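Colleague: The structure that follows is given in the form of structure tokens.
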Amino acid sequence: MNRREAIKITGLSALGVMFSPRLAAQSFLPTVLKRADFGKDFLWGVATAAYQIEGAWNEDGKGASVWDTFSHKKGKIKNGENGDTACDFYHRYAKDIGLVKEMGFRVKRFSLSWSRIMPEGTGTINTKGVDFYHKVIEECLVQGIEPWITLYHWDLPQALEDKGGWTNREVIQWFSEYVDFCTRTFGDKVKNWMVLNEPAAFTALGYLLGIHAPGKRGFNKFVAATHHATLCQAEGGRIIRKNVKNANIGSTFSCSYVQPFKNTEPHIKAADKMDAFLNRLFLEPALGLGYPFETVPILRKIKKFIQDGDMEKLAFDFDFIGLQNYTRNITRFNPFIPGISGLEVPAKKRNVPYTDMGWEVYPEGIYHLLKKFAAYKGVKKIIVTENGAAFPDAVQDNQVQDDQRIKFYQKYLEKVLQAKHEGVPVEGYFVWSLMDNFEWAEGFRPRFGLVYVDFLSQQRIIKNSGLWFKSFLNES
Ligand code: GCO
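In my numbering, the protein residues as written are 11 to 486.
Listed below in structure tokens is the structure:
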């Protein structure tokens, strides 16, 4: 069960009741929130992912990824859309990086497409693919933007999936070879690295529920992929540490603030299990705490894939944890759901404000999650590597008055600041996302960007939320 499974495509969010048109005129005026409150060293960035923005899916020697294959299959992606062109970042990267600078951000988090660098996932290197990322990194540095690289953001080379992908233990060797090449190649210019993006998402959605690439289903596939991804998470860290001098190494974790539907036994137990699945399953092994078998006994099926010495290899001394939060999860006891005995109660059934993804807007959730993550002994530093919201945006007179999104960011940032003031070592915040992009199985409809993208003309328009950040980040 994952937060996305509960997604119901909604109309205009109930959130509209929170804002009045008058905000439109003031939408990017400075609010009570001040950049200075976060401290001069606090990192402000934007995040993107290769498959969601690059396009050029088969250009200049790039090999197919599981998302190329999956999005070309009928019925997998809303409206039959795919990332073949997406935002055409492959050809427009310089101007898009210019937008990052124009809005006042200092960091651009982006991922490398494994199959653009190694078309078959292992062995042969595609030099044109490597050259592209050298140019992107160079452009960032020239424009004064710090490149933060995610090594894996879901787009596994199809050639490796043909050999079992994440369910094949050989993926550890494949991934190690890929990470070793990337960090030896780009490590002289890039010091900030994230190993994986949201392993809980790509294993559950891709190998348990089958609603994301590669579209596999089955608990056995899920637990195999989970164990191999957890091993790669740590092994990737060790390789970066070996190859990159003074590297700042992290990995990113999806997380939702989980609460029981009612404060009674069955709901509380179901919520604890949901929390273990969504928030602990990959983080705790990385911290040397192993898998949460006690809370979710069904996870003991992972043991079938654990080999001698594995448990020690799951841990790595990350310099930071990337926290990625969008919403809250209210879990209701349901005896028919194996393992968790619970299901998420969708926001639209709870009469609360929610976004265009059907995710409740619940700023207090990021506060509680920051406190939760910070409470782990092994967590040294936290970066919010993703937070944002999709709302139905419309262009009027070459402007996008996305007041709901501005309000969303103000409310969530207030809660990040509250956690920071209470001693949580949160040292950065990256917006998801720089620009509207391909939202996986939802296609292009959900717009998360600070920059509006007309996907036919590829025109970019900085939305009022992007202009709000510009005024917020440029305040003296
Ligand atoms: C994720 C991914 C992003 C999504 C974003 C909105 O966290 O799922 O990193 O690729 O697009 O979260 O769903």
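Ideal Cβ positions, reconstructed from N, Cα and C, are used throughout, including at glycine.
Note that this is a predicted model, so its numbers are computed, not measured.
Buried or exposed, going by whether 16 or more other CB atoms sit within 10 Å of the CB of G85?
Modeller: Within the sequence shown, the letter at position 75 stands for residue 85. G85 comes out exposed.
Colleague: What did DSSP end up calling F29 once you bin it into helix, strand or coil?
Modeller: Counting from one through the sequence shown, the residue named residue 29 turns up at place 19. Confidence at F29 is low in this model, with a pLDDT of 35, below 50, so the placement of that residue should be treated as unreliable; the coordinate-derived value is given next. The answer is coil: DSSP assigns F29 none of H, G, I, E or B.
Colleague: Under three-state DSSP, which class holds E180?
Modeller: As a first step, residue 180 must be located in the sequence shown, where it is residue number 170. If DSSP states are grouped into helix, strand and coil, E180 belongs with coil.
Colleague: On the DSSP bridge assignment, give the partners of A210 in chain order.
Modeller: Taking the sequence shown and counting its residues from 1, the one referred to as residue 210 is at position 200. DSSP lists no partner for A210.
Colleague: Per DSSP, N335 is paired with what?
Modeller: In the sequence shown, residue 335 corresponds to position 325, counting from 1. BP columns for N335 point to C265.
Colleague: Apart from the five residues just before and just after W450, which ones in its own chain have a Cβ nearer than 7 angstroms to its Cβ?
Modeller: If you number the sequence shown from 1, residue 450 lands on position 440. Only H222 meet the Cβ criterion.
Colleague: Taking the beta carbon of K473 as the centre, do at least 16 other beta carbons fall within 10 Å, making it buried, or is it exposed?
Modeller: For the purposes of this step, residue 473 is taken as the residue at position 463 of the sequence shown. Under this definition K473 is a buried residue.
Colleague: Nearest-angstrom Cα distance between V434 and L427?
Modeller: Counting from one through the sequence shown, the residue named residue 434 turns up at place 424. Counting from one through the sequence shown, the residue named residue 427 turns up at place 417. Approximately 9 angstroms between the Cα atoms of the pair.
Colleague: With the cut-off set at 9 angstroms, would you say W176 and L166 are in Cβ contact?
Modeller: By 1-based counting over the sequence shown, the position of residue 176 is 166. By 1-based counting over the sequence shown, the position of residue 166 is 156. For W176 and L166, yes; Cβs fall inside 9 angstroms.
Colleague: Return the CA-CA distance between M204 and P363, expressed in angstroms with no decimal places.
Modeller: Indexing the sequence shown from 1 puts residue 204 at position 194. Indexing the sequence shown from 1 puts residue 363 at position 353. Their Cα atoms are separated by approximately 32 angstroms.
Colleague: Under a three-way DSSP split, which group does E130 fall into?
Modeller: Here residue 130 refers to the residue found at position 120 of the sequence shown. Three-state DSSP puts E130 in coil, outside helix and strand.
Colleague: According to DSSP, is I159 helix, strand or coil?
Modeller: Here residue 159 is taken as the residue at index 149 of the sequence shown, counted from 1. Note: I159 maps to strand in three-state DSSP.
Colleague: Take S81 as the anchor and find which of L109, G220, V355 and L299 has the nearest alpha-carbon.
Modeller: Within the sequence shown, the letter at position 71 stands for residue 81. Closest by alpha carbon: G220.
Colleague: With a CB to CB cut of under 8 angstroms and the five nearest residues on each side skipped, what residues in its chain are close to T134?
Modeller: Numbered from its first residue, the sequence shown carries residue 134 at position 124. Excluding positions up to five away in sequence, the list reads M128.
Colleague: In three-state terms, what does DSSP make of N89?
Modeller: If you number the sequence shown from 1, residue 89 lands on position 79. Looking at N89 - three-state DSSP - the assignment turns out to be helix.
Colleague: Tell me whether G247 sits in a helix, a strand or coil according to DSSP, three-state version.
Modeller: Position 237 of the sequence shown, counted from the start, is the residue given in the question as residue 247. G247 falls in the helix class under three-state DSSP.
Colleague: DSSP on I316, reduced to helix/strand/coil?
Modeller: Here residue 316 corresponds to residue number 306 of the sequence shown, with the count starting at 1. Three-state result, I316: coil.
Colleague: How about M367: is its Cβ closer than 8 angstroms to a heavy atom in the ligand GCO?
Modeller: Residue mapping note: residue 367 aligns to position 357 of the sequence shown, counting from 1. True, at least one ligand heavy atom lies under 8 angstroms from that Cβ.
Colleague: Please confirm whether G332 and A257 have their CB atoms less than 9 angstroms apart.
Modeller: Residue numbering aside, residue 332 sits at position 322 when the sequence shown is read from its first letter. Residue numbering aside, residue 257 sits at position 247 when the sequence shown is read from its first letter. Taking 9 angstroms as the Cβ cut-off, G332 and A257 do not qualify as a contacting pair.
Colleague: Taking the continuous alpha helix (DSSP H) assigned at W488, which residues delimit it?
Modeller: In the structure as shown, the chain starts at 11 and stops at 486, and residue 488 therefore has no counterpart that could be examined.
Colleague: Which runs of the alpha helix (DSSP H), 4 residues or longer, sit entirely within the region 89-125?
Modeller: 99-112
Colleague: Helix, strand or coil, according to DSSP, for E171 in the structure here?
Modeller: Taking the first residue of the sequence shown as 1, we reach residue 171 at position 161. Helix.
Colleague: With a threshold of 8 angstroms on Cβ separation, who are the neighbours of N273 within its own chain once the five nearest residues in sequence on each side are excluded?
Modeller: By one-based count along the sequence shown, residue 273 stands at place 263. Taking N273 as the centre and dropping the five residues before and after it, the same chain places no C-beta closer than 8 angstroms to its C-beta.
Colleague: With 16 other CB atoms within 10 Å as the buried threshold, where does D318 fall?
Modeller: The sequence position of residue 318 within the sequence shown is 308, counting from 1. By the neighbour-count rule (16 or more Cβ atoms within 10 Å), D318 is not buried but exposed.
Colleague: Could you give the DSSP three-state label for D413: helix, strand or coil?
Modeller: The sequence position of residue 413 within the sequence shown is 403, counting from 1. Helix, per DSSP.
Colleague: Consult DSSP for R457 and reduce its assignment to one of helix, strand or coil.
Modeller: Stepping through the sequence shown from its first residue, residue 457 is reached at position 447. The answer is coil: DSSP assigns R457 none of H, G, I, E or B.
Colleague: Kindly indicate the opening and closing residues of the beta strand (DSSP E) around F440.
Modeller: In the sequence shown, residue 440 corresponds to position 430, counting from 1. The continuous beta strand (DSSP E) containing F440 extends over residues V436 to V441.
Colleague: Quick one: what does DSSP say Y364 is sitting in, helix, strand or coil?
Modeller: The residue you call residue 364 lines up with position 354 of the sequence shown. Strand.
Colleague: Suppose the cutoff is 7 angstroms on Cβ atoms and the five residues either side in sequence are ignored; what does the same chain contact list for L122 look like?
Modeller: To locate residue 122, count along the sequence shown from 1; it is residue 112. Excluding positions up to five away in sequence, the list reads A60, Y143, I159, L161 and C192.
Colleague: For the beta strand (DSSP E) that contains T395, what are its first and last residues?
Modeller: As a first step, residue 395 is located in the sequence shown; it is residue number 385 there, counting from the start. T395 -> beta strand (DSSP E) spans I392 to N397.
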